[in-house]
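All residue numbers for the sequence shown refer to UniProt numbering, where the first residue is 1 and numbers rise by one.
A virtual CB, placed ideally from N, CA and C, is assigned to each residue, including glycine.
Below you'll find the structure, written out as structure tokens, and then a few comments.
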Amino acid sequence: MIMSDLQTISEIKKCPVQYVLAINDTLNVISGKWKLPILASILYGNHRYKDIQANIDKITPRMLSKELKELELNGVIIRNVYDSTPVRIEYKMTESGKNILSVLDAMVDWGVSHRKSTL
Numbered sequence: 001m002i003m004s005d006l007q008t009i010s011e012i013k014k015c016p017v018q019y020v021l022a023i024n025d026t027l028n029v030i031s032g033k034w035k036l037p038i039l040a041s042i043l044y045g046n047h048r049y050k051d052i053q054a055n056i057d058k059i060t061p062r063m064l065s066k067e068l069k070e071l072e073l074n075g076v077i078i079r080n081v082y083d084s085t086p087v088r089i090e091y092k093m094t095e096s097g098k099n100i101l102s103v104l105d106a107m108v109d110w111g112v113s114h115r116k117s118t119l
């Protein structure tokens with residue numbers, strides 16, 4: 001059975017192979033130290049390169065450029081270039097990218113809960 005044949009999350013959960021495949025697909029898109037902070041920054045209003053960089057402590061310009069390109073290739077963000085002087089470039093979430101908000105919220109909830117339980 002291939003991924004496109006599956007209709008619902010409940011069907012995916014019935015097949016451990018498909019469940020792990022779906023998790024791996026997600027991790028391939030959002031893995032790494034910087035992708036989730038970049039996505040969170042864009043989701044909460046920082047659409048220009050300099051704003052994203054200023055919002056994320058210690059990310060280098062080279063790394064930010066690399067990660068933005070990967071997120072664009074994976075269809076999570078869109079890069080819009082505006083014909084102005086100087087040229088303005090903004091990053092926005094795709095519809096698929098906007099769906100990551102629930103994942104980020106769940107991660108924040110878990111992180112806060114985990115921190116409280118371990119401190």
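Element boundaries [beta strand (DSSP E), containing residue i]
i: Y91; result: 88-93
Paired residues, beta bridge with residue i - DSSP
i: Y82; result: R88
Under 8 Å between C-beta atoms of residue i and residue j
i: N80; j: K92; result: yes
i: V76; j: L21; result: no
i: I12; j: Q18; result: yes
Alpha helix (DSSP H) segment containing residue i, residue limits
i: R48; result: First-last for R48: undefined, no H or E at that position.
i: I23; result: 16-30
i: W110; result: 100-118
i: K58; result: It is not in any alpha helix (DSSP H) - K58 carries neither H nor E in the DSSP assignment.
i: K35; result: 35-43
Pick from the options that is closest to residue i, judged by C-alpha positions
i: R48; options: S117, K98, E90; result: E90
Pairing CB atoms from the stretch 47-65 with CB atoms from the stretch 99-119, are three or more of them under 8 Å?
-> Under the Cβ criterion (8 Å, minimum of three pairs), the stretch 47-65 does not count as touching the stretch 99-119.
**Prompt:** Is the number of C-beta pairs between the stretch 57-73 and the stretch 22-41 that are closer than 8 Å three or more?
**Reply:** By the Cβ rule, the stretch 57-73 counts as touching the stretch 22-41, because three or more pairs are nearer than 8 Å.
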